[in-house]
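Heads up: the sequence shown at position 136 corresponds to 117 in the numbering used here, and the numbers run straight through without jumps.
I have placed the structure first, in the form of structure tokens, so that the comments after it can refer back to it.
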Amino acid sequence: MLSAFTRTAGLAAASAFILLAAAGAAQADDKPAVVFNAGVQSDYVFRGVSQTDGRASVFAGADATWGQLYAGTWTSNLDFKPFGDSHTNEEVDLYAGLRPTVANVSLDLGAQYYGYVNQPSGGRVAYTEVYAKATRAFGPATVGASLYYSPQFTGHTGEAWYSEANLAYTLSKKWSASGALGRQDIAAGGSYTTWNAGLTYAVTSHLSLDGRYWDTNEHRFGDPYHARAVLALKATF
């Protein structure tokens, strides 16, 4: 079995390769751009599972792009008490990658670190994933698929894979509909299937309102895995 150091080094090398490839792909006349985002949601749901014990969350982030290269950060409050963790109270993510287009297919290849504030010393929550995503537009419809891999998933639960198929459809200038079906597989157990569907309304070009239904097939895992409706307001600037 690979040591934690070896796994981390491998992920770092993969991330470095992505960054170098993207830097090489960027044109000399490409200019860096930074976009900020902030919002509030009635519940923070990640892959079908509530991260805030069914309560509201406030989030914010920033994304920098340069040609095909991007990097960003994102944060939100948390409540992991249903999972037996009364200390962890904030998530801080870091990610970077490359977004090339090949034969009308938009690709996204990158890595993400999920960091947590005040995580228990005896049960590390933080973990890293590498991912590959692909989307293609067909008129008003966009179909996509993604695959995530972690060599050591949260809570030291071993290897984990998350796969997802998604669909979005532009209904009008202001309205769009989207949905996804995903599968989280964890080596140590606790695997489940999740799905979501919702509508997004563009209040302005920089403000959107999203209403979404989430569910999983494993309600026996506890309340965070139960069906729920989430309303989210997000601003970009």
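Glycine included, every Cβ here is placed at the ideal spot set by N, Cα and C.
- When DSSP states are grouped into helix, strand and coil, R36 belongs to the coil group.
- The continuous stretches of beta strand (DSSP E) do not include Q133, and DSSP gives it neither H nor E.
- A direct Cα-to-Cα measurement between R105 and G120 gives close to 45 Å.
- Put simply, the segment 62 to 72 does not touch the segment 111 to 118. Fewer than three CB pairs are less than 8 Å apart.
- Out of Y108, P132 and A183, the CA that lies nearest to the CA of T151 is found in A183.
- Ranked by how close their Cα comes to the Cα of K12, the residues D44, T174, Q22 and G48 have G48 in first place.
- Under DSSP, the beta-bridge partners assigned to L75 are T54 and Y94.
- In this structure, A213 lies away from L188, with their beta-carbon atoms at least 8 Å apart.
- According to the DSSP assignment, K215 belongs to the beta strand (DSSP E) that extends over R209 to T217.
- Residue range A141 to T151 is occupied by the beta strand (DSSP E) that includes L148.
- For K62, no beta strand (DSSP E) segment is defined, and its DSSP state is neither H nor E.
- Distances from the alpha-carbon of D191 to those of Y130, Q100, Q22 and D34 put Q22 closest.
- Secondary structure of R80 (DSSP, three-state): coil.
- Between Q100 and the set D166, R117, T181 and D66, the nearest pair of CA atoms involves D66.
- DSSP, reduced to helix, strand and coil, places D204 within a helical segment of the structure shown.
- A residue is called buried once 16 or more other Cβ atoms fall within 10 Å of its Cβ, and R209 is buried on that count.
- Per DSSP, the unbroken beta strand (DSSP E) holding E110 starts and ends at Y108 to F119.
- A14: member of the beta strand (DSSP E) spanning A14 to Q22, first to last residue.
- Counting along the chain, the unbroken beta strand (DSSP E) around D191 starts and ends at L188 to T197.
- Distance check between A178 and each of E199, S102, D44 and V211 places V211 closest, using alpha-carbon atoms only.
- Of the candidates Y76, A52, N198 and W176, Y76 places its Cα closest to the Cα of T109.
- In the structure shown, the three-state DSSP call for S157 is strand.
- The beta carbon of D196 sits closer than 8 Å to those of G29, T175, W176, N177, H207, A208 and R209, all from its chain and outside the five residues before and after it, given in chain order.
- Beta-bridge analysis with DSSP links R164 to S144 and T174.
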